[in-house]
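This report refers to the structure that appears directly beneath it.
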Ligand SMILES: Nc1ncnc2c1ncn2[C@@H]1O[C@H](COP(=O)(O)OP(=O)(O)O)[C@@H](O)[C@H]1O
Ligand SMILES: [Mg+2]
């Protein structure tokens, strides 16, 4: 069996005394796109925090292409080729657009993919190039999301984590972002896409994991879920 | 006429020294949010080191500039140790940081008293800069003009470092959102050590440069620290431009105040600080509200 790009196994995670993730296990295969769904508060962002090293799990292991990383610092996990487009974008507001990109630059760790540079990011998001010397705080929400994606790509990751990239964006911009995600997937990147809205994810995902109150409730595929074998409203609310 | 001109030159020279002191203080407070009360001590320690190296007290006499750089490096290393071993353990606890840095300043003061004694130590003006230049009817002391030039060079170098390099952008990213900076691979904790060491090194450098003007004596630390505080409160913490403007204002107020209204010198000095705190708490150019 080929090694998974990302694997969480039996993760228990806490914020202080509050037990947020319960025995969570899921994986994302190489060059695949895993849709991670769940209601607000289900623990999706916590899974991202655990993967990137912002929150050390109390139990369980996280592996990146077979390398165990649980307990390592975010800097070290980033060096393993994991990048995060965080919920709420969290771009560096006082830096210029170009600076947001260059501070995140890392060399690729395999010769496989053409490395991302400011030039290739600007080629993908021409609007960012127009605003390259503007302070990032002055960008629109959509532009900030593009910058957050571009910044993650500058790390030349093997695994890209995207936490609700469509949140708070106009439908037209959401459409653009989804197109970008599709392109990245075609380039061979392994992606975990967190969303609350299943219809967006069913479109692009190979596999689906649904979290419910910190536990894995469903492991399936978009096709199977769309056949209606699982009561989605039970886990996701009504759409 | 000459009196006013000399007073102005002295004001700007003193402002330049204050800038060198306050720039590091402002950087550390503005970027890392650490109120570093050892900053005056680092200045004094640098001055004593400089005096020792220049005066040949180690059996060897060093060139003034070599001595200044050596003192800066030594104190920068000391600053890095303070940051790594102590302040690192107190993230976000400003009261604890105040107490620890205040405690270190007492230790440094006692150390200096033990090593260099209670008498003032003079630092010789570098040979090439002794004397005055005559410009028409006016006479300027060369060294004081040189201090201004040095401050300008340091200001430009700091600006380039923070604003025009990747390292500077990484430092600012670490200030904007430390967790996110780590997520994109920036080693924030190492950067903060660098910033602290840099601030400490510039303070020590300022101490040596100020030596020929101020002489070095016990209490120099507690004389300089409040001035740095006023500069940073006035100019705004974390802002290089704020440090420049704040230093010049305080340099002028301090010198003119002492010359013209000696009884009210401190009132003149602290009044603008009170006004700024009331009307613009983040300082003239500050980004943050402390
Ligand atoms: N920093 C935090 N401290 C304490 N509790 C938190 C923190 N972040 C999230 N939580 C709690 O953990 C649970 C999961 O949150 P989160 O992972 O953000 O959910 P999701 O991303 O699926 O909306 C929620 O109950 C939330 O209130
Ligand atoms: Mg979330």
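Protein chains in written order, with this note's numbering: chain Y, 1 to 239; chain G, 240 to 529. Where is the CB? At the ideal position from N, CA and C, for every residue including glycine. In this text the structure is predicted, and so the values were computed from the model without any measurement.
- Following the DSSP letters along the chain, one finds residue 125 of chain Y in no beta strand (DSSP E), marked with neither H nor E.
- Here DSSP, grouped into helix, strand and coil, assigns residue 416 of chain G to coil.
- Contacts with chain G (Cβ-Cβ distance below 8 Å) from the stretch 57–79 of chain Y involve 73, 74, 75, 78 and 79, listed in chain order.
- Only those residues of the stretch 395–427 of chain G whose C-beta falls short of 7 Å from the nearest C-beta of chain Y are listed: 405, 408, 409, 411, 412, 415, 416, 418, 419, 421, 422, 423, 424, 425 and 426.
- The shortest CA-to-CA distance from residue 358 of chain G to any of G/254, G/456 and G/501 is the one to G/456.
- Within 7 Å of the C-beta of residue 53 of chain Y there is not a single heavy atom belonging to ligand 1.
- Sorting Y/174, Y/128 and Y/95 by C-alpha distance to the C-alpha of residue 197 of chain Y places Y/174 at the top.
- Residues of chain G whose Cβ lies closer than 7 Å to the Cβ of residue 106 of chain Y are, in chain order, 424.
- A direct Cα-Cα distance of roughly 9 Å separates residue 307 of chain G from residue 301 of chain G.
- Contact note: residue 55 of chain Y does not reach chain G at a C-beta cutoff of 7 Å; the least C-beta distance is about 10 Å.
- Inclusion of residue 95 of chain Y and residue 412 of chain G in the CB contact set at 8 Å is warranted, their separation being smaller than that value.
- With a threshold of 7 Å, the Cβ atom of residue 416 of chain G does not count as near ligand 2, since no heavy atom of the ligand is closer than that.
- Runs of alpha helix (DSSP H) with 4 or more residues, each lying fully within the stretch 122–168 of chain Y, are found at 126–130 and 141–154, listed in chain order.
- Restricting attention to Y/158, Y/159, Y/149 and Y/157, the CA atom closest to the CA of residue 166 of chain Y is found in Y/149.
- Annotation: the continuous beta strand (DSSP E) that includes residue 379 of chain G extends over 377–380.
- Annotation note: the stretch 15–54 of chain Y contains the following uninterrupted alpha helix (DSSP H) runs of length 4 or greater, listed N- to C-terminal: 44–52.
- Among the residues facing chain G, residue 92 of chain Y is included, as its CB has a counterpart in that chain under 8 Å away.
- Residue pairing by DSSP places residue 13 of chain Y opposite Y/21 in a beta bridge.
- A contact is defined here as three or more CB-CB pairs under 8 Å, and the stretch 81–91 of chain Y meets this definition with respect to the stretch 44–55 of chain Y.
- In the DSSP annotation of this structure, the continuous segment of the beta strand (DSSP E) that includes residue 373 of chain G starts and ends at 371–374.
- Per the coordinates, the alpha-carbon of residue 105 of chain Y lies some 8 Å from the alpha-carbon of residue 151 of chain Y.
- Residue contact check for residue 84 of chain Y against chain G: a CB pair falls below 8 Å.
- Ranked by Cα distance from residue 163 of chain Y, the first of Y/193, Y/169, Y/183 and Y/179 is Y/193.
- Nothing from the stretch 130–144 of chain Y brings a Cβ to less than 8 Å from some Cβ of chain G.
- In the structure shown, residue 212 of chain Y adopts extended strand secondary structure according to DSSP, grouped into three states.
- Unbroken alpha helix (DSSP H) runs of no fewer than 4 residues, entirely contained in the stretch 427–499 of chain G, are found at 427–453, 459–474 and 479–499, following chain order.
- Close CB contacts of residue 384 of chain G within its chain, under the 6 Å cut and outside five residues either way in sequence, are absent.
- Between residue 470 of chain G and residue 261 of chain G, the CB-CB gap stays under 8 Å.
- Around the Cβ of residue 391 of chain G, a 10 Å sphere holds fewer than 16 other Cβ atoms; the residue is exposed.
- Across the set G/389, G/523, G/244 and G/369, the C-alpha of G/244 shows the shortest separation from the C-alpha of residue 375 of chain G.
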